[in-house]
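In what follows, a structure is listed as structure tokens, so that the remarks can point back to it.
Residue numbers (our numbering), protein chains in the order written: chain E, 1 to 345; chain F, 346 to 690; chain L, 691 to 1035.
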């Protein structure tokens, strides 16, 4: 791909060094980090920490937020250099895909509906009444249960499981071992036994959702569990029954969204984070690692701690707690000095 | 099903509104929440928060703990309305199940013992010497290792794994991707290498156990890992080698029961909870989210924090810690005032 | 195996009780705990807590760190009794293995390279260009993607997944459901959408690595994720893209190593532990349960807390925080007494 085409695709401003060949003569074949990129690779500068690699870069061109005199090669100036880099990377990326067609060792129900150019690998399974959109790819061991729907261009990697009746939107990427639609964890205490609440709801994923390896999104008890479009789940994430996660959200590894929780759009939950049953977290909020929302939050913002409080407050509490042993000693001394004063009074 | 039959099954007291048709004339076809139930659906009121939906409900009948004048429809009065609702829901629930018989694309060892009416889907595997009870169902990709035993009416969903020699009781529900009998995490430090402790024990599950998607119960090193009857594991739970979990326990997502830990009956471990190696937690105890038992607990009760303490104590500490930054300031002021007094004395 | 042979294999000193038969006459058939071992089983004493079982043991012999008068049976004195026990256990351990050969229900690409005596079970999959070393074993549903390499004597248990291009060393044990090479969690915020950063790196595991059930090691974005030789991952562990874990490390259940983190050799991360993006933790360091490294650590040592601090410091802070409610009361009293003094001055 030519450099001028890439600039146009990105909407980036091209700054060429003196004496450089014209952008239309610069052929790009891939991407690489600043310090490793060669003369046919594009690179990027997204954080100040890497600026020291700029003067010596051998990249074909560099994407950056502001024109820099230190850059010896063509510059692609773009307000969001990391995002622009992501888009360029996608141009050169060819994700793996099983052979088009239905492998004779796959199992596809007679009444399943298959779109055009689906790719169904050996040992993949498509249940009765399931529907796969055009170009859907199922890797070996992938499972699509009865009546489930998988939208066009979606990919289920090896051993991924889409349970009965679950609906997956277009362009989803469901990684190996992920399970969509396992039963929610709903039980009622009786005398001497626990009664299972049948989980009769389902799971619905919007478009452009990614679900990491071995993650689990449980089906709802009476209503559906919903994952909004463009939302991304890391590996080993758990979303409980009836939870609703908005659009463009990101849930990091080991985050747990409990039953009937409500997360807004653009929410980020860091690793080991948790949101308790029926709690809400509004649009654009973030929850720090190892922190848990234990009651509904109305004000968008950054939250941290267990139970979670505004992150700035949490940082103050943590800093203060570091001084606790010393504080105990200071209070001990105060008590002694006061006793002396009182005795002397 | 008729309303009078349901009342009898539950042992609930029927309260009919004036002018209502006789209970034997009311046909119930399913369940739904109070605000969405239609005239052929049963609903329930289990927490005060939903009582506002009672006067306008269109449900065929409502299960509740105490007779209510606000209820416009027939009432099923039962001391445990949520449990009663669970039981009714089960009456209308038909969990999915592969076709009865052994699919020709399954693999079953010649010497495996199969009960009556088993349902073994394509790509399921039953190893040498394994035994499946009557009506056991294996979904696609489910694996039963050599010599393993699965009790009657148990279900292994897609890609669930029961390793060699593991014993699963009756009516188990093992969700997709769950693994029973992976090796415990046992190693001994040597000079320049770590030596694996062969995990020669097994795993045994009682009856009526449910294991959530992608959970893992490890086999023991020298003794078996035990999960008591009627115990329920959420998705993504880990139980370590040689642990013993009692009956009717519930382990929520990301809870980790370490090696040789002992949990009593009716124990509840909330999300991200942990119980350390060889620690015990007595009958009926609960552990809060993101908390860890780090030494054996003798007194049944509610525990929280890391390391865990009685929950009431933990709540006081958390509340006090919120006041820490302010406390530091108060002590600073005390010191200044005292210095002034001393200087002036 | 004869007792004298075992002593020689371990490099242990044999101490025979008076009147015992010669070591060459003592046949050992297995291992067991001190209180359960019979006269043909070897046992060990590795922690003081079990010493009470020594006088009554019926074991054929006991491995211990120092000769003991309380031991009624032959003693194998070794400085690392637990490690010595592990080595002996291995001698008697025969891990399960599919039948040698390629089952006709497996799927192996025409151009895959298979070593000698591989064992490939039904429903296992070996992609185009993949290479399996000698004696590699794939259990049912195991998946080896295109171009991936699995070193000699390595085992993939049921439904384990080795994604495209991933390289696994020799003697690896990859447990059921584990996924090596899922996409790293890399996204860039744009206007109104999140752009995926294609994860074009891979995963490389050294030799003698063990990966527990349902764990996930993500592939790198631009560079590879590396797991050093002899490193062990528990069940349900997550290693992020581009992370580098040294040799002989141990990561316990639910530990999360975030993107581009660097862990030294002999590092131990306890359950629910976390290491943040790009943070480093030096050789021989340990991180306590439910703790997280949030900035690079230079000094090897024991760390705990969130954010992690030296463990000794963390313990002091925890102990002090337990006294917080009481401390608040003491400060309240100080203020009152001081006000009285000041008023009276």
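Cβ coordinates follow ideal geometry from the N, Cα and C atoms, glycine included. These numbers come from a predicted model, not from an experiment.
Residue i at chain L interface by Cβ criterion, 8 Å
i	result
residue 248 of chain E	yes
residue 481 of chain F	no
residue 342 of chain E	yes
residue 676 of chain F	yes
residue 105 of chain E	yes
residue 662 of chain F	yes
Within 8 Å, strictly: CB atoms of residue i and residue j
i	j	result
residue 260 of chain E	residue 243 of chain E	yes
residue 184 of chain E	residue 219 of chain E	yes
residue 180 of chain E	residue 203 of chain E	yes
residue 617 of chain F	residue 594 of chain F	no
residue 1027 of chain L	residue 342 of chain E	yes
residue 424 of chain F	residue 410 of chain F	yes
residue 741 of chain L	residue 735 of chain L	yes
residue 368 of chain E	residue 74 of chain E	As shown, chain E starts at 1 and ends at 345. That puts residue 368 of chain E outside it, with no answer to give.
residue 490 of chain F	residue 469 of chain F	no
residue 851 of chain L	residue 840 of chain L	no
DSSP-derived helix/strand/coil call for residue i
i	result
residue 375 of chain F	strand
residue 304 of chain E	strand
residue 434 of chain F	helix
residue 83 of chain E	helix
residue 52 of chain E	helix
residue 1021 of chain L	helix
residue 97 of chain E	coil
residue 889 of chain L	coil
residue 61 of chain E	strand
residue 853 of chain L	coil
residue 698 of chain F	Outside the shown range of chain F (346 to 690) lies residue 698 of chain F, about which nothing can therefore be said.
residue 682 of chain F	helix
residue 796 of chain L	coil
Interface partners of residue i on chain L, CB under 7 Å
i	result
residue 583 of chain F	925, 926, 943, 944
residue 543 of chain F	779, 780, 783
residue 292 of chain E	Within chain L, no residue comes near residue 292 of chain E; the closest Cβ sits about 12 Å away, beyond 7 Å.
residue 535 of chain F	770, 773
residue 603 of chain F	961
Delimiting residues of the beta strand (DSSP E) encompassing residue i
i	result
residue 316 of chain E	Not the beta strand (DSSP E): residue 316 of chain E falls in the alpha helix (DSSP H), residues 311-322.
residue 871 of chain L	869-873
residue 534 of chain F	532-534
residue 218 of chain E	216-219
residue 915 of chain L	915-917
residue 348 of chain E	Any answer about residue 348 of chain E is impossible in this case: the structure gives chain E only from 1 up to 345.
Under 8 Å from the C-beta of residue i: neighbouring residues of chain L
i	result
residue 230 of chain E	883, 884
residue 569 of chain F	The premise fails here: residue 569 of chain F is roughly 13 Å from chain L at the closest Cβ pair, so nothing lies under 8 Å.
residue 328 of chain E	1010, 1013, 1017
is_contact[residue i, chain E] using C-beta, thresh 8 Å
i	result
residue 659 of chain F	no
residue 617 of chain F	yes
residue 1027 of chain L	yes
residue 1024 of chain L	yes
residue 634 of chain F	yes
Interface residues of chain E facing residue i [CB-CB closer than 9 Å]
i	result
residue 831 of chain L	123, 140, 141, 158, 159
Start and end residues, alpha helix (DSSP H) containing residue i
i	result
residue 695 of chain L	693-700
Residue-level contact to chain F via CB, residue i, 8 Å cutoff
i	result
residue 844 of chain L	no
residue 218 of chain E	yes
residue 773 of chain L	yes
Chain-ordered neighbours of residue i on chain F, where CB pairs are closer than 8 Å
i	result
residue 145 of chain E	441, 503
residue 955 of chain L	Neighbours of residue 955 of chain L on chain F: none; closest Cβ ~10 Å, over 8 Å.
residue 865 of chain L	524, 527, 528
residue 187 of chain E	431, 577, 595
Where residue i meets chain E, residues with beta-carbon distance less than 7 Å
i	result
residue 854 of chain L	96
residue 558 of chain F	179, 182, 216
Distance cut-off 7 Å: residue i Cβ against heavy atoms of the ligand NAP
i	result
residue 430 of chain F	By its list of ligands, the structure shown contains no ligand whatsoever, and the ligand NAP lies outside what it can speak to.
Within chain F, partners of residue i - CB distance below 7 Å
i	result
residue 723 of chain L	567
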